[in-house]
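Visitor: In the numbering used here, the protein residues as written are 2 to 137.
Glycine residues also receive a C-beta, built at the ideal position from the N, C-alpha and C atoms.
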């Protein structure tokens, strides 16, 4: 293949890679990442607000690392991941999602004790959230 043709091919491949990278969806729209973050956020909220439930901290840290590695594999930088985690808008989206999740289980985030009830339910059901918690 002539040198000019190889250069043109390499340029097209690079431009194609840039276009694919630029076309990736916002991280909050990647279900496996967004759902993983939601799981950790809910477990952490329960751990912080419910004295009768502790968090499995090392398991949570492992899950955070797994999610970061997966997001990196999908082409997201650590800065993009951090931006989602630090965003007040994203935190509010997670709170709203949590309220809907609790309401679907007949629980109210603002009702005293319901967060603890959710924690016990998640532990009993051996859910992804429950796996990050343990009852005292």
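Suppose the cutoff is 6 Å on Cβ atoms and the five residues either side in sequence are ignored; what does the same chain contact list for residue 131 look like?
Guide: Excluding residues up to 5 positions away in sequence, 123, 124 lie with their Cβ nearer than 6 Å to the Cβ of residue 131 in the same chain.
Visitor: If you draw a straight line from the C-alpha of residue 32 to the C-alpha of residue 40, how long is it?
Guide: 12 Å
Visitor: Since residue 68 and residue 47 should fall inside the 8 Å C-beta cutoff, what is the C-beta to C-beta distance between them, to a whole number of angstroms?
Guide: Incorrect: roughly 19 Å between the Cβ atoms, too far for contact.
Visitor: Could you say which of 96, 126, 25 lies nearest to residue 74 if we only look at CA atoms?
Guide: When only C-alpha atoms are compared, the closest one is 25.
Visitor: Starting from residue 130 and walking both ways along the beta strand (DSSP E), at which residues does that stretch end?
Guide: First-last for residue 130: undefined, no H or E at that position.
Visitor: Which residues mark the beginning and the end of the alpha helix (DSSP H) in which residue 89 is found?
Guide: 89-104
Visitor: Can you tell me the Cβ-Cβ gap for residue 108 and residue 120, rounded? I've got them flagged as a contact below 8 Å.
Guide: Not really, about 10 Å apart at Cβ, beyond 8 Å.
Visitor: Just verifying my parser: in three-state terms, what is the DSSP assignment at residue 7?
Guide: Here residue 7 scores only 49 on pLDDT, less than 50, and its place in the model should not be relied on; the value that follows carries that caveat. Residue 7: helix per DSSP, three-state reduction.
Visitor: Measure the CB-CB distance between residue 44 and residue 63 and report whether it falls below 8 Å.
Guide: In this structure, residue 44 keeps its C-beta atom at 8 Å or more from the C-beta atom of residue 63.
Visitor: Within the continuous beta strand (DSSP E) that includes residue 107, where are the two ends?
Guide: Neither: residue 107 is in no beta strand (DSSP E) and is coded neither H nor E.
Visitor: Taking the DSSP output, what are the residues bridged to residue 54?
Guide: 136
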